[in-house]
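J.:
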Amino acid sequence: MNWEQLLSLKRQGDTNKRLRKEQDETRLGFDVDYDRIIFSTEFRSLQDKTQVIPLSSTDFVHTRLTHSLEVSVVARSLGRKVGEIILEKHPALKEIHGYKPNDFGSIVAAAALAHDIGNPPFGHSGEKAIGHFFKNGPGRSFKSALTDKQYQDLCDFEGNANGFQILTQDLKGRPGGLRLSYATLGAFTKYPKASLPKKPTPHIASKKYGFFQSEETIFLEVAKELGLLKINSDDHQFGRHPLTFLVEAADDICYTIIDFEDGINLGLIEEEFALEYLINLVRDTIQTKKYNALPTTQARVSYLRALAIGTLIDDVVAIFIKNETAILNGTFDVSLLEKSKYQAQINDIIKLSIDRIYNAQEVIDKEISGFEIINELLSRYTTAVNNFHETKASSYDKLLIKLLPKDMELQHQNLYNRLMGVCSVVASYSDSNAVLTYKKLKGLSF
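Residue numbers in the sequence shown follow this note's numbering, run continuously in steps of one, and reach 639 at the last position.
#1: Quick one: grab the DSSP three-state call for L430.
#2: Quick check: K423 and Y402, are their CB atoms within less than 8 Å of each other?
#3: Buried or exposed, going by whether 16 or more other CB atoms sit within 10 Å of the CB of I567?
#4: By DSSP, does I479 sit in helix, in strand, or in coil?
#5: How many whole angstroms separate the CB atoms of S201 and S374, which I take to be in contact at a CB cut-off of 8 Å?
#6: Go to N179, then tell me how far its beta strand (DSSP E) extends in each direction, as first and last residue.
#7: Using the Cα positions of G298 and F232, report the straight-line distance between them to the nearest angstrom.
#8: Give a yes or no on whether the C-beta atoms belonging to V294 and G276 are separated by under 8 Å.
#9: Could you spell out where the alpha helix (DSSP H) holding F466 opens and where it closes?
#10: Scan the region 366-432 and note each continuous beta strand (DSSP E) run of 3 residues or more that stays entirely inside, going in chain order.
#11: Tell me, to the nearest whole angstrom, how far the beta carbon of R573 is from that of L629; I am working on the premise that it is less than 8 Å.
#12: Return helix, strand or coil for T584, following the three-state DSSP convention.
#13: Among D428, D363 and P331, which one has its Cα closest to the Cα of K657?
#14: When the Cα atoms are used, what is the spatial distance from T377 to L239?
#15: With DSSP as the reference, identify every bridge partner of L364, one or two as the case may be.
#16: Using a Cβ-Cβ cutoff of less than 8 Å, which residues in the same chain neighbour Y227 once the five nearest sequence positions on both sides are dropped?
#17: Please go through the same chain and pick out, in chain order, the residues whose beta-carbon is closer than 7 Å to the beta-carbon of D445, but skip the five residues on each side of it.
#18: With L421 and G432 assumed to form a contact (beta carbons below 8 Å), what rounded beta-carbon distance in angstroms separates them?
#19: Quick one: measure Cβ to Cβ for T504 and L474, integer angstroms, because I've assumed they're closer than 8 Å.
#20: Ignoring anything shorter than 4 residues or poking outside the region 550-579, list the alpha helix (DSSP H) runs there in chain order.
#21: Hey, is the region 508-526 in contact with the region 433-440, meaning 3+ C-beta pairs nearer than 8 Å?
#22: DSSP state of T504, grouped into three classes?
#23: Please work out which residues of its chain come closer than 6 Å, Cβ to Cβ, to K287, disregarding the five sequence neighbours upstream and downstream, and give them in chain order.
#24: Determine the direct distance from the alpha carbon of I289 to that of L212, and round the result to whole angstroms.
#25: When the Cα atoms are used, what is the spatial distance from V618 to A627?
#26: Exposed or buried, what is G456 when buried is set at 16 or more other beta-carbons lying within 10 Å of its beta-carbon?
#27: So, for K515: in the same chain, excluding its five sequence neighbours on each side, which residues have a beta-carbon less than 7 Å away from its beta-carbon?
#28: When you compare only the Cα positions, how much space is there between L248 and D624?
#29: Under 8 Å between the Cβ atoms of L471 and L497?
#30: Can you name the start and end residues of the alpha helix (DSSP H) that G319 belongs to?
#31: Mind checking which residues open and close the alpha helix (DSSP H) that includes E263?
#32: Alpha carbon to alpha carbon, how far is R237 from N353?
#33: Taking 8 Å as the cut-off, decide whether the C-beta atoms of Y484 and R493 are in contact.
#34: Among the candidates L637, W196, D207 and M194, whose CA atom is the shortest distance from the CA of I411?
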């Protein structure tokens, strides 16, 4: 892969090539990507979607929206620092094509901002709940009418693939979705492959999948424009866009450190116990006198969090630059943090978070409720949409149809597209809207 292709400013529907040196420096194409994402309705709904603690009423806890904003900030720093060094190593990018360090920062920041835009309500359990409906619930009845890949899309419903759909799919009055640059779409796609075969290689890019069958054509167009490496043409598996590693690292840094911070502030992890873990990570940079003068747990945790993020940013940049050739060749097959010199400290923090936060009773209880809510919504909606398509909708089905978006293609001849449409609607719900809709369907709210 080469950087000139990878930094493509092309967008869906373009007929002319977009050149970096012809960009308006006051508002670059990559900055436009960021703006389009942050003003989208799908991004706004993240303000009421679970990050760690579902439906938490406390001000301490991060939602998907605050998490995404923080990840984009870390990603921007990573991109700028890497970009500065890449341009020194490849001066033609700057001297001939006009690229600047901030371009790298803007691409990674935009992709990071959108990294959770396709996640359903109730955190990762929301993805599992949708998959459960089709794998083990009423949705099993559709298997024989779908291709293997189509059915797998539903059984392993993937927030990353749903995010790619949101960013690219044609809607009434909005052809090409948000029409982001292909560089940003490439950096966004953590798993550039279809849902089958599952985990064909140990490469981190094969861990999950990144596009539904409905977006196969646009994904292949993006991959071709960017010059992504083909791993298996028959199954549409590609190597990652190099900047995807930075998007992933920004997310890893934030959920490792900031989820841990939430756990401390919520009292799920004892202060003395937890601060020791963070201090081990920043022992070389901590100012003991300043730290001891801080009066509250929140202030001490905040100070250590800032130091920890800064420490990991510098480490990630060094790892990326050291492995740039392998990354461009597609032979670098793990996340950047897996090569971190702080891996032992990171693993200690994650292990404690799993034990005290992710497996906390409050989290488990509300994930169980989320399963029931999503199962009920999918059951009612799929029945109504398919009955409507077959012109045998009951009066109740017709009422349910009115709850669905007006731009949804209810009469689509393709069963897969109808089912994916329902899944996308349910995935778009915020936590509170999913609960409210469930109560309405059950006659518990008016």
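The C-beta atom is built at its ideal place from N, Cα and C for all residues, glycine as well.
This structure is a prediction, so every number in the text was calculated from the model and none was measured.
T.: Reading from the atomic positions:
#1: Position 237 of the sequence shown, counting from 1, holds the residue named residue 430. Sequence check: residue 430 is Gln here, not Leu. Q430: strand per DSSP, three-state reduction.
#2: The sequence position of residue 423 within the sequence shown is 230, counting from 1. The sequence position of residue 402 within the sequence shown is 209, counting from 1. Not closer than 8 Å, so no.
#3: Along the sequence shown, one-based indexing puts residue 567 at 374. Flag for I567 reads buried.
#4: Position 286 of the sequence shown, counted from the first residue, corresponds to residue 479. It is coil, neither helix nor strand.
#5: As a position in the sequence shown, residue 201 is number 8, starting the count at 1. As a position in the sequence shown, residue 374 is number 181, starting the count at 1. The pair is a contact, with the Cβ atoms about 7 Å apart (cut-off 8 Å).
#6: Summary: the structure shown does not reach residue 179, with the chain confined to residues 194 through 639, and so no result is reported for it.
#7: Within the sequence shown, residue 298 is the residue found at index 105, counting from 1. Within the sequence shown, residue 232 is the residue found at index 39, counting from 1. Cα to Cα, the separation comes out at about 19 Å.
#8: Counted from its first residue, the sequence shown places residue 294 at position 101. Counted from its first residue, the sequence shown places residue 276 at position 83. Looking at the sequence itself, residue 294 is Pro, so the reference to Val does not match. Yes, these two residues count as a Cβ contact at 8 Å.
#9: By one-based count along the sequence shown, residue 466 stands at place 273. Run containing F466: E464 to L474, per the alpha helix (DSSP H) assignment.
#10: 423-425
#11: Stepping through the sequence shown from its first residue, residue 573 is reached at position 380. Stepping through the sequence shown from its first residue, residue 629 is reached at position 436. Going by Cβ atoms, the distance from R573 to L629 rounds to 14 Å, so no, they are not a contact pair.
#12: Taking the first residue of the sequence shown as 1, we reach residue 584 at position 391. In this structure, T584 counts as coil in the three-state DSSP scheme.
#13: Past the edges of the chain, shown from 194 to 639, lies residue 657, and the structure says nothing about it.
#14: Residue numbering aside, residue 377 sits at position 184 when the sequence shown is read from its first letter. Residue numbering aside, residue 239 sits at position 46 when the sequence shown is read from its first letter. Computed Cα separation, rounded: 20 Å.
#15: The residue labelled residue 364 in the question sits at position 171 within the sequence shown. Bridge partners of L364: R367.
#16: Sequence index remark: in the sequence shown, residue 227 carries index 34 (1-based). Within the same chain, Y227 has close Cβ partners S265, S299, A302, A303 and L306.
#17: Here the question's residue 445 lines up with position 252 in the sequence shown. Same-chain partners within the cutoff: S528 and L530.
#18: Reading the sequence shown from its first residue, position 228 is the one you call residue 421. Reading the sequence shown from its first residue, position 239 is the one you call residue 432. That pair is a contact at about 6 Å.
#19: Working through the sequence shown from its first residue, we reach residue 504 at position 311. Working through the sequence shown from its first residue, we reach residue 474 at position 281. Confirmed, Cβ separation roughly 6 Å.
#20: none
#21: yes
#22: On the sequence shown, residue 504 is found 311 positions in, with the first residue counted as 1. DSSP places T504 in helix when its eight states are reduced to three.
#23: Sequence index remark: in the sequence shown, residue 287 carries index 94 (1-based). The answer, listed in chain order, is L280.
#24: On the sequence shown, residue 212 is found 19 positions in, with the first residue counted as 1. On the sequence shown, residue 289 is found 96 positions in, with the first residue counted as 1. Using only the alpha carbons, I get a separation of about 11 Å.
#25: One-based indexing of the sequence shown puts residue 618 at position 425. One-based indexing of the sequence shown puts residue 627 at position 434. Each residue's alpha carbon lies about 10 Å from the other.
#26: Residue numbering aside, residue 456 sits at position 263 when the sequence shown is read from its first letter. Its Cβ being crowded by 16 or more others within 10 Å, G456 is buried.
#27: Locating residue 515 in the sequence shown gives position 322, counting from the first residue. Taken in chain order, the list of residues that qualify is empty.
#28: The count along the sequence shown starts at 1 and reaches residue 248 at position 55. The count along the sequence shown starts at 1 and reaches residue 624 at position 431. Low confidence applies to L248: its pLDDT is 48, below 50, so where it sits in the model is not reliable enough to give any reading.
#29: Locating residue 471 in the sequence shown gives position 278, where the first residue counts as 1. Locating residue 497 in the sequence shown gives position 304, where the first residue counts as 1. Yes.
#30: Position 126 of the sequence shown, counting from 1, holds the residue named residue 319. Here the alpha helix (DSSP H) through G319 covers H317 to K328.
#31: Looking up residue 263 in the sequence shown gives position 70. Start and end: R257 to K282.
#32: Here residue 237 is taken as the residue at index 44 of the sequence shown, counted from 1. Here residue 353 is taken as the residue at index 160 of the sequence shown, counted from 1. Taking the straight line joining both Cα atoms gives about 17 Å.
#33: For this step, residue 484 is matched to residue 291 along the sequence shown. For this step, residue 493 is matched to residue 300 along the sequence shown. Yes, they are a contact pair.
#34: Sequence index remark: in the sequence shown, residue 411 carries index 218 (1-based). The option with the nearest alpha carbon to I411 is D207.
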